[in-house]
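To start, the structure under review is shown below, and the notes come after it.
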Amino acid sequence: MKQLALLGSTGSIGTSTLDVVRANPGAFDIKALAAGSNVGLLYEQVKEFSPEYVSVATEQAARELRTLVGGSVEVGFGVDSAITAATTPGVSQVLSAISGAAGLLPTMAAIESGMDIALANKETLVMAGHLFMEAVERAGVTVLPVDSEHSAVFQSLKGHRKEDVERIVLTASGGPFLNTPKEEFAGITPKTALKHPKWAMGAKISIDSATLVNKGLEVIEARWLFDLPAEKISVVVHPQSIVHSMVEYVDGSIVSQLSNPDMKGPIAYALGYPARIESGAQRLDLTKEPLTFFEPDTDRFPCLKLAFDTLRTGGVAPAVLNGADEVAVEAFLNNRLSFADIYRVLDTVLQNHNPQEPCSIEEVVEADRWAREAATEAVESQGV
Ligand code: NDP
Ligand code: MG
């Protein structure tokens, strides 16, 4: 039985992970759970999976959960408590699926404690790619991608030599506004932006998919996971989200991984690796719809180019992009910023940042703090 710690258990990835665990009775034991404030769902998860330790984001949530669970499980709160969950003794794999920068410190702590990682929280790699990969090497742990594109690339690299890779191609669904004319972008509301045509995901990543920031973050994630320069990473729009990404080799062959768009697939791959286990995802019928591919439109979706630029700038630029984006997306969701202004906020903050190379996680955290402050000012001053 594999011992797991699940960070972000109440979210979209977290609940899909528990579906995979349920589909494989006797294969996994949940030793620790961490989440934010969804106490009701956590209580249900505690009853079903009997973890030893549970972490929530706030003291208030911890108080509520303790009232529900009595003394049956230890409950902590805050970042230190998420770190405790991530480093629970006896855990062999940590599934990291807290959303946003809040996942950084628990994931780094898990690596430093020698835990293997199944990584959904792409922000960790975006913010601190270099330091993350160094820590992985030092600790000798395995990182398996959960992000569907990276899982596809990982699978498509198996059995091939790295020096034979010409480039990797990440597929993008194009999001809900793939065919929306630029003139209509002014009328985009949070409700329409949250309605992703192919994937059911948390709010932040759904908006990132609508702006294509998500694909940009994934390019940065791929740069670190697969140790490839920006020039060897490209993006193609594939609205059906069946081909999850590809690797092109020097002989012109392309190897890819296909399945229905369901995160239970890549989650099961990361949890079962190297075995293939039951995912519970619906089987793919390739006769159902034609597969199409085309170039992304960086005029309507300038955030994609912006993210590529941060990779070339290097240093703290990706961390700054990520921090500013979290603030801009939240402002958009609260109707304080228009859809098109998300790009303007990111661009302004990036132009003003100090592009130094972070030497420690503390410096990454400081760049994130600065970016959030700068983005908050940019949102407030509207028309940035
Ligand atoms: P959700 O918003 O659905 O879930 C986020 C999870 O993180 C929830 O459990 C939430 O708790 C928890 N959380 C949020 N803030 C904190 C905090 N400060 N401390 C502790 N826990 C916190 O997000 P997703 O599941 O969609 O995404 C999770 C991660 O996986 C992201 O990094 C995303 O980029 C990545 N990912 C997601 C994919 C998807 O299909 N959903 C695909 C590929 C990657 P609560 O709800 O209890 O407050
Ligand atoms: Mg993805």
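Each residue of the sequence shown is one higher than the one before, starting from -19 at the first, in the numbering used here. Where is the CB? At the ideal position from N, CA and C, for every residue including glycine. Keep in mind that this is a model prediction, so the values were computed, not measured.
* Asked: In angstroms, rounded to a whole number, what distance separates the CA positions of R118 and E353?
  -> Straight-line Cα distance between these residues: approximately 33 Å.
* May I ask you to check if the CB of S239 is nearer than 7 Å to at least one heavy atom of ligand 1? => No, since every heavy atom of ligand 1 falls outside the 7 Å radius drawn around the Cβ of S239.
* Could you check the C-alpha separation between Q331 and S17 for me, to the nearest Å? => 35 Å
* Completely contained beta strand (DSSP E) runs for the stretch 256 to 310, where each covers 3 or more residues -> Listed in chain order, nothing qualifies, since the stretch 256 to 310 has no complete beta strand (DSSP E) run of 3 or more residues.
* Go through its chain and collect everything with a Cβ distance to G70's Cβ below 7 Å, but skip five positions before and after it. => Q(-17), K11
* To do: Measure the alpha-carbon distance for G303 versus V235 and round it to whole angstroms.
  => 34 Å
* Going by CA-CA distance only, name the one from E54, V296, G20, A190 that's closest to P31. => E54
* In three-state DSSP terms, what is A15? -> coil
* Asked: Tell me which same chain residues have a C-beta within less than 7 Å of the C-beta of T293, skipping the five on either side of it?
  -> P335
* Asked: Quick one, what's near ligand 2 if you take every residue whose CB is closer than 6 Å to any heavy atom, in chain order?
  -> Those residues, listed in chain order, are D127, S128, E129, E198.
* Asked: What number of angstroms, rounded off, separates the C-alpha of T68 from the C-alpha of D348?
  -> 27 Å
* Asked: Among all the DSSP beta bridges, which residues are the ones paired with F57?
  -> V36
* To do: Would you be able to state if there are at least three C-beta pairs under 8 Å between the stretch 313 to 327 and the stretch 158 to 173?
  => yes
* **Terminal residues of the beta strand (DSSP E) in which Y229 lies** => Where Y229 is concerned, the enclosing beta strand (DSSP E) stretches over 223 to 229.
* **Residue from T191, V121, L137 with nearest C-alpha to G155** => It is T191.
* Given E44, which residues of its chain have a CB within under 8 Å of its CB, disregarding the five upstream and five downstream residues? -> Excluding residues within five positions, the ones whose Cβ falls inside 8 Å are V19.
* Asked: If we ignore side chains and look at the alpha-carbon of each, how far apart do V223 and A3 end up?
  -> Each residue's Cα considered, the two are about 24 Å apart.
* **Reduced DSSP category for Q73 - H, G, I as helix; E, B as strand; rest coil** => Looking at Q73 - three-state DSSP - the assignment turns out to be strand.
* **Minimum length 3: unbroken beta strand (DSSP E) runs contained in the stretch 61 to 117** => Those beta strand (DSSP E) runs which fall completely within the stretch 61 to 117 and span 3+ residues are 73 to 76, 96 to 99.
* Closer than 7 Å: is that where the CB of A15 sits relative to any heavy atom of ligand 1? -> yes
* Which residues bound the beta strand (DSSP E) around E146? -> 145 to 152
* Asked: A311 to T(-10), Cα distance in whole Å?
  -> 23 Å
* Asked: When the Cα of Q237 is compared with those of A14, H130, L208, which residue comes out closest?
  -> H130
* Asked: When the distance is taken between beta carbons, is D9 closer than 8 Å to G260?
  -> Contact flag unset, no.
* Asked: Does the stretch 176 to 189 come close enough to the stretch 259 to 275 to have 3 or more Cβ pairs within less than 8 Å?
  -> no
* Residue burial classification, M243 (beta-carbon count within 10 angstroms, cutoff 16) -> buried
* Asked: When the Cα atoms are used, what is the spatial distance from V74 to R324?
  -> 36 Å
* Asked: Which partner residues of A(-15) appear in the DSSP bridge assignment?
  -> A12, V74
* Asked: Quick one: Cα of D188 to Cα of K195, how far?
  -> 8 Å
* Asked: To which residues of the same chain is D144 closer than 8 Å at the C-beta, ignoring the five residues directly before and after it?
  -> Y229, V230, D231
* Do you know how far the Cα of E357 is from the Cα of K138? -> 46 Å
* In three-state DSSP terms, what is S(-4)? -> Three-state DSSP puts S(-4) in a helix.
* Asked: Taking 7 Å as the cut-off, is the CB of T122 close to at least one heavy atom of ligand 1?
  -> no
* Using the beta-carbon count (16 or more within 10 Å), is T290 buried or exposed? -> buried
* My guess is that V149 and S225 are in contact by the Cβ rule of under 8 Å, so how many angstroms apart are they, rounded? -> So it is a contact: roughly 6 Å between Cβ atoms.
* Of all the options L84, A14, A98, V26, which has the alpha carbon lying nearest to the alpha carbon of T38? -> A14
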